[in-house]
Amino acid sequence: MLTTLAEWCTSFILVLFIIVPLLWQVSKQFRFYVKITLYYFMILLAGCIGFVLCLPFGVTTDNHFRVFWFFRCCTGWTGITYELRNGENLISDKPYILAANHQSSIDVLGK
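Numbers 1 to 111, taken from UniProt numbering, label the letters of the sequence shown in order.
What follows is the structure in structure tokens.
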């Protein structure tokens with residue numbers, strides 16, 4: 001049992017610098033879980049920081065672009081790409097309804 005702070009720190013460093021890289025090399029499942037955990041953390045971070053970035057602009061429909069921009073900056077390391085089809089239909093002053101069939105939480109990237 002870990003009784004002192006020094007023992008706890010030593011164990012943490014052992015896990016962080018030896019076991020995690022070993023599992024990263026050996027297990028595709030471990031890599032997936034680490035990446036998806038970091039991805040969800042980036043969603044949370046982008047929402048919180050994006051909220052602060054949007055405060056000076058007040059209530060405007062363009063705020064979501066600022067949050068998506070920050071989110072894409074934070075998640076560029078994932079290598080996830082997306083394709084927007086018929087994007088010319090979105091360039092309009094007329095109102096429209098956008099329906100998305102999300103297959104997973106990863107495809108909620110926005111443009």
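Using N, Cα and C, we set each Cβ at its ideal position, and we do this for glycine too.
In angstroms with no decimal places, state the Cα-to-Cα distance between residue i and residue j.
i     : j     : result
GLY50 : ASN89 : 27 Å
SER92 : ASP62 : 14 Å
LYS94 : ILE13 : 57 Å
THR4  : LEU22 : 26 Å
PHE65 : LEU55 : 13 Å
SER27 : PHE17 : 16 Å
TYR33 : ALA6  : 29 Å
Around the Cβ of residue i, are there at least 16 other Cβ atoms within 10 angstroms (buried) or fewer (exposed)?
i     : result
ILE19 : exposed
To which residues of the same chain is residue i closer than 6 Å at the C-beta, ignoring the five residues directly before and after it?
i     : result
MET42 : CYS74, THR75
Could you check how far apart the C-beta atoms of residue i and residue j are, in whole angstroms? I think they sit under 8 Å.
i     : j     : result
VAL67 : GLY47 : 7 Å
From this set, the options, which residue's C-alpha is nearest residue i's C-alpha?
i           : options                    : result
ARG72       : LEU14, TYR40, ARG31        : TYR40
THR37       : THR78, PRO56, LEU55        : THR78
residue 112 : LYS35, PHE17, THR10, LYS28 : Because the chain in this structure spans residues 1 to 111, residue 112 falls outside the shown range and cannot be described.
Can you give me the Cβ contacts of residue i inside the same chain, cut-off strictly under 8 Å, excluding the 5 residues immediately before and after it?
i     : result
TYR96 : ASN89, LEU90
LEU98 : LEU90
Only counting the same chain, and skipping five residues up and downstream in sequence, which positions put a Cβ closer than 7 Å to that of residue i?
i     : result
PHE70 : ALA46, ILE49, GLY50, LEU53
ARG31 : TRP24
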